[in-house]
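This report concerns only the one structure given below.
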Amino acid sequence: MLAPMNATEPTPTPGSSATEAQPSAPGTTPTRQPRNPLHGVTLEAMVVALADYFGWEELGRQIPIRCFQIDPSVGSSLKFLRKTPWAREKVESLYLFMLRDQRRNARD
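Positions 202 to 309 (the numbering used here) are the ones given, in order, by the sequence shown.
See below:
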């Protein structure tokens, strides 16, 4: 007797097995973004770089949020920034400013 047609397992096509990895859809491979300085930079790397460059006190003045002002740490900052898009945008903007400033200082 035949199995019902509404079985949940995919039916293998001739010449393939059901356990083979399916190729990813076209266009889903990550693209290189050589002109995007934020590409590949984690939020943690940004926070650490900003804290090293400005210090926590100045970082709290530049971006007035409590995780930078009261008992600042990378962990508490990441927890807040991952949940708060507007604050993350400010961190990304300040990070880009820092990169431009570092490039300017390197030229001098």
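All C-beta atoms, glycine included, are put in the ideal place defined by N, C-alpha and C.
**Item:** Proximity to L244 [Cα-Cα], best of R305, A288, N306
**Value:** Start at 1 with the first residue of the sequence shown, and residue 244 comes out as number 43. Ranking the options by Cα distance to L244, first place goes to A288.
**Asked** How would you call L251, buried or exposed, if buried means at least 16 neighbouring beta carbons within 10 angstroms?
**Response** Along the sequence shown, one-based indexing puts residue 251 at 50. The residue in question, L251, is buried, as its Cβ has 16 or more Cβ neighbours within 10 Å.
**Prompt:** Along the chain, which unbroken stretches of the alpha helix (DSSP H) at least 4 residues long are found entirely within the segment 220-298?
**Reply:** With a minimum length of 4 residues, the continuous alpha helix (DSSP H) runs that stay inside the segment 220-298 are 244-255, 257-263, 267-270, 275-284.
**Request:** Please look up how many angstroms separate the CB atoms of Q270 and G261, rounded, as I've assumed it's under 8 Å.
**Result:** Walking along the sequence shown from the start, residue 270 turns up at place 69. Walking along the sequence shown from the start, residue 261 turns up at place 60. With a Cβ gap of about 4 Å, Q270 and G261 count as contacting.
**Prompt:** Run through DSSP, which three-state label would D309 get?
**Reply:** What you label residue 309 is simply residue 108 of the sequence shown in a count that begins at 1. Residue state, collapsed to three classes: coil.
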